[in-house]
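S.K.:
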Amino acid sequence: MKKMKVVVLFGGCSKEREISLLTGEEVYKTLLKSGHDASKIDLDENFVENLKRERPDIVFIALHGKHGEDGTVQGILEILDIPYTGSGVLASALCLNKLFSKRVFLSEGISTPAFLHISKSDWKDEKDQILTKAKEAFPLPFVVKPVAQGSSVGISVISKEKDLADSIEDAFSCDEGVLIEEFIEGREIQCGVLGNEDPVALPLVEIIPKNQFFDFEAKYTSGMAEEITPAPLSVAETKAGKEMSLRAYKALGCSGFARVDMFLASGRGFLVSEINTIPGLTENSLFPKEAKAAGIAFPELVGKIVELALEKKHSQT
0 MKKMKVVVLF GGCSKEREIS LLTGEEVYKT LLKSGHDASK IDLDENFVEN LKRERPDIVF
60 IALHGKHGED GTVQGILEIL DIPYTGSGVL ASALCLNKLF SKRVFLSEGI STPAFLHISK
120 SDWKDEKDQI LTKAKEAFPL PFVVKPVAQG SSVGISVISK EKDLADSIED AFSCDEGVLI
180 EEFIEGREIQ CGVLGNEDPV ALPLVEIIPK NQFFDFEAKY TSGMAEEITP APLSVAETKA
240 GKEMSLRAYK ALGCSGFARV DMFLASGRGF LVSEINTIPG LTENSLFPKE AKAAGIAFPE
300 LVGKIVELAL EKKHSQT
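Just so we're aligned, residue 0 is where the sequence shown starts under numbering that gives the first Met the number 0, counting upward by one.
In structure tokens form, the structure reads like this:
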């Protein structure tokens, strides 16, 4: 790849800012070592002016959560006509919003955990009815999560009915919408995907968290979860998991790279939980580990992500 001027866009003001800073720093150092003219820009009110001044060939988006993964930044870069890494506006918005992504999964015949959506206005007016409906819909435990947050921010597993209302309130502190999901008794499986029109599934990884589920602490604290790559699955299970990941990736219109989070439940097969369009690229992150298991070293992975972004941009012109 020829030397390019690359701006790493990182930071921002989401609840995942600290993780974004780590990802951005790793990517920035790697681009420099690979010979590119790399620089960093924090996502603040001046970032558009800073971008115009830098005049990059491409922007490497290393943001997580709102404004970075929800299509907002992607839309601004489209207007500025600057190529950028990862999925486009619509796919980014769909993937961060778990309600809409689940609706797409169901329309495409892709299994996903059963859920109940609660809006803030409904919760204010119909709290008792919602609690009753949730208790009738799913057996304990419940999973409560904000509709549009990443890195398991605001997620809780409820094993006692008396705790449900407080958990919903906590989730609403992070977002305008909340999902109550059935708790899946199964294995947590993740699959990285690389590519645009013809994506490739990376080796599956199994997550065995020390806590009840793979929460924020487990994701970003060394030793809080066992990660097995490749996942110890049968040939048939591995094939099914990769196929399901590619179906989900294509259904939501993803491009570049993403990570598909799934459960493997006895008698139900794979169920897709969500897609992360900008998975972490830190030393503890799973996506680079999956790529490494496929024989792709971190510098090569970063380069491939950049190449895929340029490929997508060229295909649109």
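Each residue gets a CB set at the ideal place from its N, CA and C atoms; glycine is no exception.
1. Starting from the N-terminal side, write out each stretch of the beta strand (DSSP E) that is 3 residues or longer and does not extend beyond the segment 134-181.
2. Can you find at least 3 beta carbon pairs, one from the segment 66-78 and one from the segment 228-236, that sit closer than 8 Å?
3. Looking at the structure shown, is V7 part of a helix, part of a strand, or coil, going by DSSP?
4. Quick check: what's the CA-CA separation for S86 versus E187?
5. Can you tell me which of the three DSSP states P287 falls into?
6. Which residues in the same chain as D121 place their Cβ atom closer than 7 Å to its Cβ, once the five residues preceding and following it in sequence are excluded?
7. How many whole angstroms separate the CB atoms of G255 and L300, which I take to be in contact at a CB cut-off of 8 Å?
8. Would A296 be called buried (16 or more neighbouring beta carbons within 10 Å of its own) or exposed?
9. Which first and last residues belong to the alpha helix (DSSP H) in which I75 is found?
10. Residue ranges of each beta strand (DSSP E) run of no fewer than 3 residues wholly in the segment 231-290, ordered along the chain?
11. What's the gap between the Cα of A217 and the Cα of E226?
12. Considering only residues of the segment 38-67, which uninterrupted beta strand (DSSP E) runs meet the minimum length of 3 residues and lie entirely inside it, listed in chain order?
13. Following the continuous beta strand (DSSP E) through E187, name the residue where it begins and the one where it ends.
14. Tell me, which residues are paired with A292 by DSSP?
15. Along the chain, where does the beta strand (DSSP E) that runs through L115 open and close?
16. For the beta strand (DSSP E) that contains P82, what are its first and last residues?
M.R.: Taking the structure as given:
1. Taken in chain order, the unbroken stretches of beta strand (DSSP E) that lie wholly in the segment 134-181 and span 3 residues or more are 141-145, 155-157, 176-181.
2. Judged by Cβ distances under 8 Å, the segment 66-78 makes no contact with the segment 228-236, as fewer than three pairs qualify.
3. In the structure shown, V7 sits in a strand (DSSP, three-state: E or B).
4. S86 and E187 have their C-alpha atoms roughly 24 Å apart.
5. In the three-state reduction of the DSSP assignment, P287 falls in the helix class.
6. If we look at D121 and ignore the five residues flanking it on each side, its Cβ neighbours are I129.
7. Between the beta-carbon of G255 and that of L300 there is about 11 Å, and that puts the pair past the 8 Å contact cut.
8. Taking a 10 Å sphere around the C-beta of A296, we find fewer than 16 other C-beta atoms and assign the residue as exposed.
9. Where I75 is concerned, the enclosing alpha helix (DSSP H) starts and stops at 71-79.
10. The segment 231-290 contains these whole beta strand (DSSP E) runs: 255-264, 268-275.
11. Because the pLDDT of A217 is 47, which lies under 50, any placement of that residue in the model is unreliable, and the number read from its coordinates should be weighed accordingly. A217 and E226 have their C-alpha atoms some 11 Å from each other.
12. Qualifying beta strand (DSSP E) stretches, in chain order: 57-60.
13. Going by DSSP, E187 is part of the beta strand (DSSP E) stretching over 185-194.
14. Looking at the DSSP output, A292 sits in no beta bridge, so it has no partner there.
15. Looking at the DSSP string, the run of the beta strand (DSSP E) that includes L115 is 114-118.
16. That residue, P82, is in no beta strand (DSSP E); it is neither H nor E in DSSP.
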